[in-house]
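Everything below concerns the one structure shown next.
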Amino acid sequence: MDLCVACGTRAKLPRIIGGVEATLGRWPWQVSLYYSNRHTCGGSIITSQWVVTAAHCVHNYRLPQVSSWVVYAGIVTRNSAKMAQHIGYPVEKIIYNKNYNHRSHDSDIALMKLRTPLNFSGQYVAHYKLCTQKRESGSLKT
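What the sequence shown shows, in my numbering, is residues 18 to 159, in sequence order.
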């Protein structure tokens with residue numbers, strides 16, 4: 018594949034290489050973040066009302082546009098017909114790390130508080146189980 022389209026530019030490549038479609042329920046903490054009815058980013062459920070995402074996803078979308086954000090959970094497709102069957106959870110508040118640097122993407126983390134709690138009663142939506150054990154200094158963390 019020729020990666021050079023014009024001097025100084027690269028051809029747009031697909032973002033996922035060799036991937037396979039996820040099965041429903043395999044990643045129950047994964048959510049799709051929509052801004053003005055368009056998928057913008059992904060996030061992870063950490064409690065029934067809080068989602069963690071990257072600050073670069075929300076940094077340019079401050080108040081009063083918070084009302085334009087909706088979180089979808091328990092889905093594996095962004096097909097319009099299938100999306101219509103799911104309930105979107107409106108976002109109440111967005112908090113991003115005040116040390117976030119939009120040039121270097123240092124401290125690239127943000128939280129979204131949902132207006133209403135997610136429903137954890139089924140098998141397709143759950144929070145990510147955060148590690149609570151103390152780790153040795155210098156050990157790997159992600």
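Ideal Cβ positions, reconstructed from N, Cα and C, are used throughout, including at glycine.
Asked, Found
"Could you tell me the distance, in whole angstroms, from the CA atom of arginine 132 to the CA atom of tyrosine 106?", "7 Å"
"Restricting to runs no shorter than 4 residues, where is the alpha helix (DSSP H) found entirely within the region 48 to 82?", "72 to 75"
"Applying the 10 Å Cβ sphere with the 16-neighbour rule, what's the burial state of tryptophan 86?", "buried"
"Roughly how many whole angstroms lie between the Cα atoms of valine 37 and glutamine 47?", "16 Å"
"Let's see if you can read the secondary structure: which residues bound the beta strand (DSSP E) around alanine 143?", "No beta strand (DSSP E) holds alanine 143; DSSP gives it neither H nor E."
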